[in-house]
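*Asks:*
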Amino acid sequence: MNAPVRPESCGIDLARERGQRAVFCGLTGIVWLHRKIQDAFFLVVGSRTCAHLIQSAAGVMIFAEPRFATAILDERDLAGLADAEDELDRVVERLVARRPDIRLLFLVGSCPSEVIKLDLSRASLRLSRRLAPVRVLSYSGSGIETTFTEGEDACLAALVPELAEALPEPEAPAGEAGLLVAGALGDVVEDQFARLFADLGIPVRFLPGRSAGTMPAIAPGQPFLLAQPFLAGTARALEARGLHHLPAPFPLGAEGTTGWLRAAADAFGVDPARFEAATAPGRRRAATALAPHRARLSGKRVFFFPDSQLEVPLARFLAAELDAEIVEVGTPYLHRGHLAHEIAGLPPGTRVVEGQSLDDQMDRARAARPDLTVCGLGLANPLEAEGLATKWSIELLFTPVQGYEQAGDLAELFARPLRRRGLLEV
Ligand code: SF4
Numbered sequence: 001m002n003a004p005v006r007p008e009s010c011g012i013d014l015a016r017e018r019g020q021r022a023v024f025c026g027l028t029g030i031v032w033l034h035r036k037i038q039d040a041f042f043l044v045v046g047s048r049t050c051a052h053l054i055q056s057a058a059g060v061m062i063f064a065e066p067r068f069a070t071a072i073l074d075e076r077d078l079a080g081l082a083d084a085e086d087e088l089d090r091v092v093e094r095l096v097a098r099r100p101d102i103r104l105l106f107l108v109g110s111c112p113s114e115v116i117k118l119d120l121s122r123a124s125l126r127l128s129r130r131l132a133p134v135r136v137l138s139y140s141g142s143g144i145e146t147t148f149t150e151g152e153d154a155c156l157a158a159l160v161p162e163l164a165e166a167l168p169e170p171e172a173p174a175g176e177a178g179l180l181v182a183g184a185l186g187d188v189v190e191d192q193f194a195r196l197f198a199d200l201g202i203p204v205r206f207l208p209g210r211s212a213g214t215m216p217a218i219a220p221g222q223p224f225l226l227a228q229p230f231l232a233g234t235a236r237a238l239e240a241r242g243l244h245h246l247p248a249p250f251p252l253g254a255e256g257t258t259g260w261l262r263a264a265a266d267a268f269g270v271d272p273a274r275f276e277a278a279t280a281p282g283r284r285r286a287a288t289a290l291a292p293h294r295a296r297l298s299g300k301r302v303f304f305f306p307d308s309q310l311e312v313p314l315a316r317f318l319a320a321e322l323d324a325e326i327v328e329v330g331t332p333y334l335h336r337g338h339l340a341h342e343i344a345g346l347p348p349g350t351r352v353v354e355g356q357s358l359d360d361q362m363d364r365a366r367a368a369r370p371d372l373t374v375c376g377l378g379l380a381n382p383l384e385a386e387g388l389a390t391k392w393s394i395e396l397l398f399t400p401v402q403g404y405e406q407a408g409d410l411a412e413l414f415a416r417p418l419r420r421r422g423l424l425e426v
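Okay, so the sequence shown: first residue is 1 according to the UniProt record's numbering, each after it adds one.
1. Between which two residues does the alpha helix (DSSP H) harbouring valine 189 extend?
2. For arginine 142, list the residues DSSP reports as bridge partners.
3. Comparing alpha-carbon positions, which option in Gly345, Arg416 and Met362 lies nearest glycine 19?
4. Please go through the same chain and pick out, in chain order, the residues whose beta-carbon is closer than 8 Å to the beta-carbon of arginine 296, but skip the five residues on each side of it.
5. Look at the alpha carbon of arginine 283 and the alpha carbon of leucine 310, and state the distance between them as a whole number of angstroms.
6. Can we count serine 110 as close to the ligand SF4, meaning its CB is less than 6 Å from some heavy atom?
7. Give the list of continuous beta strand (DSSP E) stretches no shorter than 3 residues that lie fully inside the stretch 319-364.
8. What does the Cβ neighbour count give for glycine 26, buried or exposed, with the cut at 16 atoms within 10 Å?
9. Are aspartate 153 and threonine 28 closer than 7 Å when you measure CB to CB?
10. Which same chain residues, not among the five before or five after alanine 174, have their C-beta less than 6 Å away from its C-beta?
11. Which residue from Arg135, Leu322 and Ala177 puts its Cα closest to that of proline 216?
12. Beta carbon of serine 298, beta carbon of threonine 149: below 7 Å?
13. Have a look at arginine 366 and histidine 244 and give me their C-alpha separation to the nearest angstrom.
14. Tell me which same chain residues have a C-beta within less than 7 Å of the C-beta of lysine 391, skipping the five on either side of it?
15. Tell me which residue opens and which closes the alpha helix (DSSP H) that isoleucine 54 is part of.
16. Could you spell out where the alpha helix (DSSP H) holding leucine 238 opens and where it closes?
17. Kindly list the residues whose CB is nearer than 7 Å to the CB of tryptophan 32, restricted to its own chain and excluding five residues on each side of it in sequence; keep chain order.
18. With distances taken from CA atoms, which of Leu207, Arg129, Val188 and Gly201 is nearest alanine 164?
19. Return the first residue and the last residue of the alpha helix (DSSP H) that glutamate 412 is part of.
20. Kindly examine the ligand SF4 and report whether one of its heavy atoms sits closer than 6 Å to the Cβ of cysteine 50.
21. With a threshold of 6 Å, establish whether the CB of serine 142 neighbours any heavy atom of the ligand SF4.
22. Drop a sphere of 10 angstroms on the beta-carbon of isoleucine 116, count the other beta-carbons inside from all chains shown, and report buried for 16 or more, exposed for fewer.
23. For the stretch 333-345 against the stretch 404-413, are there 3 or more C-beta pairs whose distance is under 8 Å?
24. Alpha carbon to alpha carbon, how far is leucine 377 from leucine 383?
25. The beta strand (DSSP E) spanning phenylalanine 305 covers which residue range?
26. Going by the CB atoms, is the gap between alanine 380 and arginine 421 shorter than 7 Å?
27. Using a 10 Å radius around the Cβ and a threshold of 16 neighbouring Cβ atoms, would you call proline 348 buried or exposed?
28. Does DSSP put valine 312 in a helix, a strand or coil?
29. Put lysine 391 into one of helix, strand or coil per three-state DSSP.
30. Could you name the residues of the same chain whose beta carbon sits closer than 8 Å to that of proline 313, not counting the 5 residues immediately before and after it, in chain order?
31. Leaving out the 5 sequence neighbours to the left and right, which residues in its chain are closer than 6 Å to serine 211 when beta-carbon positions are compared?
32. Is the beta carbon of glutamate 325 closer than 7 Å to that of arginine 301?
33. What residue range is occupied by the uninterrupted alpha helix (DSSP H) comprising aspartate 271?
34. Label glutamate 162 either buried or exposed according to how many other C-beta atoms from any shown protein chain fall within 10 Å of its C-beta, with 16 as the threshold for buried.
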């Protein structure tokens, strides 16, 4: 059973650092969220810089009709010379008239919209009333004091108050609405987990749904699992609706996936033999897929810069399942409750640093000369130029990596840069 674990009792070297940071902002989440919620539209209320970021991050083709755009605040808006609210209403009304496929519209705040204090939550209420049945919600993707995965957290947290109240599931024990899994997963991963939960006899719903009309209904007392480690705001919003979080590791690698499923199985009283029967084939396939990567990654020294908030679970996966050596685990934020199992799974004495002081961390990475450095795009090129092999952490968000069937692919993401550097050095 996954009992709560206290990080301070795990022999981890926990430090906190403040200083210059190098991370993308929360707008980046739109890139995977717009693929997940297939009738949603994300309208960034921001500057030309925001528009460039989102265009280049998503690699939009000129002939595509994307489901995101930027309403650009120009100098007159920023100087308070124009009525930005009226202008925003006009832009949104034009957009909805032109794109009748939109059922859910997110107004996404940015640094400029926050600086001029444009009230997007009020705008979303006003526009929701005017444009019904299209639902208009808002959240902030601003880069002021945030990191790129917080965009998903803010988006899902904005959805939670909108979710309908669930009726009890017929297959579940009386009064239970089944399990809620929160966090955007690739559709293929979600389908695999849905099959596993069905084999365990646990009714499950996923947040977000794949469309505005298939968002899960929720009920007080319902347990939820987080599929991603960066959803503190979403968890708070679910707890405010009376749901309760199941402490668990995250479903990365075979051990993480088993621990994550076991937390649900324990909460729903699943018989151990049924759990074994449902998970054994996946565990076997994951073990087979991981074996060749262990040969390459075993003993390799890995350094994580803080970026995606996936760092602690990934370090646990690399150390526990692939025998890698962890030099340092930087993470923008460390939710000691949600990550307690992951922290406990790190080798004793692992250095975990919350926050960032970029220059100090660069100095430590250069001194350590790790075999592999996991970092943001902005740091990867300079480090490669200095002869260090790097892995872009953002790739771990764009690629389906959770669950038994993806364990080998996840290991491959770390093994590939080592193989490439090995070839370059021949
Ligand atoms: S939201 Fe802020 S950090 Fe992000 S692109 Fe816009 S201006 Fe830059």
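Glycine included, each C-beta is placed from N, C-alpha and C at the ideal position.
*Replies:* Reading it off the structure:
1. It spans 187-200 - the alpha helix (DSSP H) in which valine 189 sits, taken as one unbroken run.
2. At residue 142 the sequence reads serine, which differs from the arginine that was named. Note: serine 142 sits in no beta bridge, so no partner.
3. Nearest of Gly345, Arg416 and Met362 to glycine 19, Cα basis: Met362.
4. Ala415, Leu418 and Arg419.
5. Taking the straight line joining both Cα atoms gives about 22 Å.
6. Flag set: Cβ of serine 110 near the ligand SF4.
7. Taken in chain order, the unbroken stretches of beta strand (DSSP E) that lie wholly in the stretch 319-364 and span 3 residues or more are 325-331 and 351-355.
8. Of the other Cβ atoms in all chains shown, 16 or more fall within 10 Å of the Cβ of glycine 26; this residue is therefore buried.
9. The answer is no: Cβ separation not under 7 Å.
10. Residue placement at alanine 174 is flagged as unreliable, the pLDDT there being 43, under the threshold of 50; the coordinate-derived value follows with that caveat. Within the same chain, alanine 174 has no close Cβ partners at all.
11. Cα-wise, what sits closest to proline 216 is Ala177.
12. Result no, Cβ atoms of serine 298 and threonine 149 do not sit closer than 7 Å.
13. Near 43 Å, if we compare the C-alpha coordinates of histidine 244 and arginine 366.
14. Beyond the five residues adjoining it in sequence on each side, lysine 391 comes within less than 7 Å, by CB distance, of Leu372, Val374, Leu413, Phe414 and Pro417 in the same chain, given in chain order.
15. For isoleucine 54, the enclosing alpha helix (DSSP H) stretches over residues 48-58.
16. Going by DSSP, leucine 238 is part of the alpha helix (DSSP H) stretching over 232-240.
17. Leaving aside the five residues that flank tryptophan 32 on each side, the residues in its chain whose CB is nearer than 7 Å to its CB run, in chain order, Ala184, Leu397 and Phe398.
18. Selected option, being the one with the closest Cα: Leu207.
19. Glutamate 412 -> alpha helix (DSSP H) spans 407-425.
20. Within the cutoff, so yes.
21. True, at least one ligand heavy atom lies under 6 Å from that Cβ.
22. Within a 10 Å sphere around the beta-carbon of isoleucine 116 sit fewer than 16 other beta-carbons, which makes this residue exposed.
23. No, they do not touch.
24. Those two C-alpha atoms are separated by around 10 Å.
25. No beta strand (DSSP E) holds phenylalanine 305; DSSP gives it neither H nor E.
26. 7 Å or more divides the Cβ of arginine 421 from the Cβ of alanine 380.
27. With fewer than 16 Cβ atoms within 10 Å of its Cβ, proline 348 is classed as exposed.
28. Helix at valine 312.
29. In the three-state reduction of the DSSP assignment, lysine 391 falls in the strand class.
30. Excluding sequence neighbours, proline 313 sits near Pro229, Pro249, Phe250, Leu252, Gly256, Leu339 and Glu342.
31. Gln38 and Asp39, listed in sequence order.
32. Yes, Cβ-Cβ distance for arginine 301 and glutamate 325 is below 7 Å.
33. In the DSSP assignment, aspartate 271 falls outside any alpha helix (DSSP H), carrying neither H nor E.
34. Of the residues assessed, glutamate 162 falls on the exposed side of the cut-off, its CB having fewer than 16 other CB atoms within 10 angstroms.
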